[in-house]
Amino acid sequence: MLTQLSVQNFAIVRFLELDLHQGMTTITGETGAGKSIAIDALGLCLGNRAEASVVRQGADKAEISAQFDLSNNQGAQLWLQQNELLSDDECILRRVITKEGRSKAYINGTAVPAAQLKSLGQYLVSIHGQHAHQLLLKPSQQLSIVDQYAAHPQLIQDVKQAYQAWKSLCNEKELAEQQQNELAAQRQLLEYQVKELDEFALQPGEYQTIEQQHQCLSHSTELQQSSYQLTQLLGHDEQVNVLDMLGQACKTTSQLLELDPKLDAINNLLHEAQIQVEEATQQLSSYSEQLDYDPELFAELEERLSQALELARKHQTNPEQLPELHQQLQHQLEQLSQQTERFEHLAEDIDKAWQQYLANANKLSKSRERAANSLSKQITKEIHKLSMAKAQCEFSLQSDEQFTNANGIDRIELLVRTNPGQPMQAIEKVASGGELSRIGLAIQVICSASILTPTLIFDEVDVGISGPTAAVVGGMLRQLGKQCQVLCVTHLPQVAGHGHQQMLVSKQQKKNETITNMQALDTEQRLGELARLLAGDEITASALANAQELLIKD
Numbered sequence: 001m002l003t004q005l006s007v008q009n010f011a012i013v014r015f016l017e018l019d020l021h022q023g024m025t026t027i028t029g030e031t032g033a034g035k036s037i038a039i040d041a042l043g044l045c046l047g048n049r050a051e052a053s054v055v056r057q058g059a060d061k062a063e064i065s066a067q068f069d070l071s072n073n074q075g076a077q078l079w080l081q082q083n084e085l086l087s088d089d090e091c092i093l094r095r096v097i098t099k100e101g102r103s104k105a106y107i108n109g110t111a112v113p114a115a116q117l118k119s120l121g122q123y124l125v126s127i128h129g130q131h132a133h134q135l136l137l138k139p140s141q142q143l144s145i146v147d148q149y150a151a152h153p154q155l156i157q158d159v160k161q162a163y164q165a166w167k168s169l170c171n172e173k174e175l176a177e178q179q180q181n182e183l184a185a186q187r188q189l190l191e192y193q194v195k196e197l198d199e200f201a202l203q204p205g206e207y208q209t210i211e212q213q214h215q216c217l218s219h220s221t222e223l224q225q226s227s228y229q230l231t232q233l234l235g236h237d238e239q240v241n242v243l244d245m246l247g248q249a250c251k252t253t254s255q256l257l258e259l260d261p262k263l264d265a266i267n268n269l270l271h272e273a274q275i276q277v278e279e280a281t282q283q284l285s286s287y288s289e290q291l292d293y294d295p296e297l298f299a300e301l302e303e304r305l306s307q308a309l310e311l312a313r314k315h316q317t318n319p320e321q322l323p324e325l326h327q328q329l330q331h332q333l334e335q336l337s338q339q340t341e342r343f344e345h346l347a348e349d350i351d352k353a354w355q356q357y358l359a360n361a362n363k364l365s366k367s368r369e370r371a372a373n374s375l376s377k378q379i380t381k382e383i384h385k386l387s388m389a390k391a392q393c394e395f396s397l398q399s400d401e402q403f404t405n406a407n408g409i410d411r412i413e414l415l416v417r418t419n420p421g422q423p424m425q426a427i428e429k430v431a432s433g434g435e436l437s438r439i440g441l442a443i444q445v446i447c448s449a450s451i452l453t454p455t456l457i458f459d460e461v462d463v464g465i466s467g468p469t470a471a472v473v474g475g476m477l478r479q480l481g482k483q484c485q486v487l488c489v490t491h492l493p494q495v496a497g498h499g500h501q502q503m504l505v506s507k508q509q510k511k512n513e514t515i516t517n518m519q520a521l522d523t524e525q526r527l528g529e530l531a532r533l534l535a536g537d538e539i540t541a542s543a544l545a546n547a548q549e550l551l552i553k554d
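With full-length UniProt numbering, you'll find the sequence shown wraps up at 554, consecutive numbering, no jumps.
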C-alpha cells in the first residue's frame with residue numbers, strides 16, 4: 001500500500017507531501033489545477049521515462065519519493081529479497097531528475113537502473129488512465145484483458161517457451177538447408193583427404209625414424225669404412241692402438257703410485273678411460289658387423305619419404321605434422337557428419353516441438369475460453385448497473401493453428417449488443433463513446449478486483465459518465481476500496497462522494513510562477529468541494545444539501 005508520496009520541484013509543484021490511507025481516496029479540483037500531477041510524479045517512481053521538462057522552472061532538479069507498506073505484499077517482498085534490496089516491511093522508491101535530463105533511481109537507498117523500478121512497480125501499483133477504454137478497440141488488448149482476468153501466467157510462459165523452441169529449430173533448419181550444398185562439397189573434400197591420409201597411415205614420430213634410416217642406408221659404405229678404421233685405431237691395430245697405449249699408461253701410473261699416493265686420482269681416471277675405450281671398441285665392432293646395405297629397404301624408405309613430402313606439399317605443412325593434420329581432418333569430418341545427422345533429425349525435432357507447442361497452446365486456449373465466458377457474464381452484469389440495462393458483452397474466442405504466434409493460437413474479439421434484437425457485433429462498430437467508457441470501466445474494476453494489486457489508481461476513467469451512472473461507478477470503486485487501496489482522480493461529485501478520503505488540488509499564482517497544492521479535506525471541506533462540483537463557484541444551500549446526500553459515510 002502507498003503510504004506517503006513526496007514531490008519536490010516537479011512540473012508546477014514546488015513541494016508536496018501526501019499521507020495516504022487504506023480505502024478509496026478521491027482527488028478533485030478545478031480543470032487545469034493539476035489533478036493528475038501527483039500520479040504523473042508517482043509514475044516516475046515506478047520507472048516511467050524521465051525528461052528534463054518535468055523539472056520546475058528555475059529549479060536544478062526534481063525529486064520524487066514514494067513509501068509503501070509491504071506487510072501484506074509477498075510478491076514485492078520476494079522481489080526485493082531476490083534483488084537483495086529488502087528492508088523490513090517498508091519500501092521507499094526515489095527518483096531524481098536534473099534540469100539537464102539526467103535521472104537517478106533508488107530502492108531503499110540503493111541506486112538501481114530505472115528498469116528495476118518498473119520491474120518492482122508491477123507488484124505495487126496499477127494505474128488506469130482516462131484513455132484506457134480506447135485500448136479496448138485493439139484485439140491485442142482484448143486478449144490481454146482475458147489473460148489478466150484468467151491469471152494464468154505459467155500457461156502463457158509455457159506457450160512462449162514452446163513457441164521459441166519450435167521457431168529456433170525452424171530457423172536452424174532453414175539455415176542448415178542454405179548451407180547443405182556448401183557442406184556437401186566440404187565433406188566430399190574432407191572424405192578424400194582423410195581417406196588419402198588413412199591409406200598412407202603415417203604414425204607420430206615415424207617420419208623422423210624413416211628419415212634417419214634412409215640417411216643411414218644412403219651412407220652405409222662410408223659408415224662401414226669409417227667404423228672399421230676407428231675400430232682399428234681404438235684396439236684392433238696390432239702395431240699401434242689406443243687400448244695398448246692406455247694399458248702402458250695405467251702400468252706406469254700404478255708403479256708411480258707406490259712412490260707418491262697423490263697420483264691415485266690420475267691412476268683411477270686412466271683405468272676408467274681404458275674400460276670406456278674397450279667397451280666403445282666392442283660396441284663399434286658390433287655396429288660395423290651389423291651394417292648391411294639393403295636395397296629393397298632403401299627403396300621402400302625412399303618411396304615413403306617421397307609420399308610424405310608430396311602429401312605435406314599438398315596440405316601446405318611439414319611432413320612431421322602430417323599425423324596431427326590427419327587427426328584434425330578426421331575431427332572436422334566427424335563434426336560435419338554430426339551436422340548432417342543433426343539436419344536429418346531436425347524435421348523430427350521440429351515436429352516434436354510443434355506438437356509440444358500445440359499441447360501448451362490448447363491448454364491456454366481452454367483456460368482463456370473459461371475466463372472469457374466468466375468475464376463476459378460479469379461485464380454484462382456490471383454494465384447493466386451503468387445504464388446499459390439491455391446490453392450484452394461477449395468475448396468471442398477463435399482457436400486456429402493459422403494464428404500461431406508466441407501468444408498462442410487464439411484470436412479474441414469483444415462483441416457487444418447494446419439493444420435487444422440486434423446481432424452481436426465488434427465493439428468498435430456498435431459502442432458509442434459513452435458506452436465504450438462504461439464498458440472499459442467495468443472491465444477495469446472487474447480485472448483489478450481479480451488481481452488485487454495493493455494500490456489501484458484510476459485517472460479520470462469516469463469521463464463520459466454522469467448522473468445516476470456516476471453514482472454507480474462511485475459505489476463500484478468504493479467497494480473495490482474495501483479490498484485494496486484505491487486512488488481516483490475525478491471531476492464527478494457522485495464519484496468523489498463515495499471516497500473514504502478526499503484530496504483537493506488547487507493552483508495559485510505567486511509573482512511570476514504558478515504553484516499547485518494538494519490538501520486532505522475534512523468532512524465540512526468535502527461538502528464544500530462536492531457542492532462546488534455540483535453548482536460551480538457559487539455554492540448554494542441547495543447544492544450543499546445535495547452534497548450532503550452524495551457524501552457516503554458508512
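Using N, Cα and C, we set each Cβ at its ideal position, and we do this for glycine too.
Item: Endpoints, the beta strand (DSSP E) within which glycine 29 is located; Value: 24 to 29
Item: Beta-carbon proximity list for glutamine 142, same chain, < 8 angstroms, skipping 5 on both sides; Value: Leu136, Phe395, Ile412, Glu413, Leu414
Item: Ordered list of alpha helix (DSSP H) runs contained in the region 487 to 554, each at least 4 residues; Value: 493 to 496, 523 to 535, 541 to 550
Item: Neighbour-count burial assignment, phenylalanine 10, 16 or more Cβ in a 10 Å radius; Value: buried
Item: Contact set for glutamine 479: own chain, Cβ-Cβ below 8 angstroms, skip 5 residues either direction; Value: none
Item: Span of the alpha helix (DSSP H) around valine 146; Value: 139 to 150
Item: Touching by the beta-carbon criterion (3+ pairs, under 8 angstroms), the region 252 to 267 and the region 300 to 312; Value: no
Item: Pairwise C-alpha distance: isoleucine 539 and histidine 21; Value: 29 angstroms
Item: Test item: CB-CB of residue 636 and asparagine 360 under 9 angstroms; Value: In this structure the chain extends from 1 to 554, so residue 636 is not present and cannot be described.
Item: Rounded separation between glutamine 8 and glutamine 356 - CA only; Value: 53 angstroms
Item: Three-state secondary structure assigned by DSSP to isoleucine 92; Value: strand
Item: The region 88 to 103 contacting the region 48 to 61, beta-carbon criterion three pairs below 8 angstroms; Value: yes
Item: Reference valine 472; option with closest CA among Ala299, His498, Gln148, Lys429; Value: His498
Item: Closest residue to tyrosine 228 among Tyr287, Thr252, Arg313 (Cα-Cα distance); Value: Tyr287
Item: Assigned secondary structure, serine 376 (DSSP; H/G/I helix, E/B strand, else coil); Value: helix
Item: Identity of the residue in Ile275, Gln203, Ala371, Gln77 nearest glycine 235 by Cα; Value: Ile275
Item: Coil, strand or helix - aspartate 19 by DSSP; Value: strand
Item: Proximity of threonine 453 and leucine 124 at Cβ, strictly below 9 angstroms; Value: yes
Item: Candidates Val495, His152, Leu263: closest to glutamate 369 by CA position; Value: His152
Item: Reference glutamine 208, options Ser506, Gln4, Pro323, Lys35, closest by Cα; Value: Pro323
Item: Three CB pairs or more closer than 8 angstroms across the region 67 to 78 and the region 32 to 43; Value: no
Item: Rounded straight-line distance, which links the Cα of alanine 50 to that of leucine 44; Value: 7 angstroms
Item: Boundaries of the alpha helix (DSSP H) in which serine 254 is found, first to last residue; Value: 242 to 259
Item: Residue closest to glycine 47, alpha-carbon to alpha-carbon, out of Asp400, Arg438, Thr404, Leu93; Value: Leu93
Item: Three-state secondary structure assigned by DSSP to aspartate 459; Value: strand
Item: Cysteine 393 (DSSP reduced to helix, strand or coil); Value: strand
Item: Integer Cβ distance of asparagine 301 from isoleucine 210, believed to fall under 8 angstroms; Value: For the sequence presented, residue 301 should be read as leucine rather than asparagine. That belief holds up - the Cβ atoms of leucine 301 and isoleucine 210 are roughly 5 angstroms apart, short of 8 angstroms.
Item: For isoleucine 64 and serine 6, believed in contact at Cβ under 8 angstroms, the rounded distance; Value: 7 angstroms
Item: Beta-carbon proximity of glutamine 508 to isoleucine 515, cut-off 9 angstroms; Value: yes
Item: Contact set for leucine 534: own chain, Cβ-Cβ below 7 angstroms, skip 5 residues either direction; Value: Pro493, Ala543, Asn546, Ala547
Item: Nearest residue (CA-CA) to lysine 510, options Arg14, Met503, Ser376, Ala165; Value: Arg14
Item: Span separating the alpha-carbon of glycine 433 from that of threonine 490; Value: 18 angstroms
Item: Opening and closing residue of the beta strand (DSSP E) in which threonine 3 lies; Value: 2 to 10
Item: Alpha helix (DSSP H) segments (min. 4 residues) lying fully within the region 262 to 311; Value: 264 to 290
Item: Collapsed DSSP secondary structure at histidine 236 in the structure displayed; Value: helix
Item: Sufficient close CB pairs (3 or more, under 8 angstroms) joining the region 379 to 394 to the region 417 to 433; Value: yes
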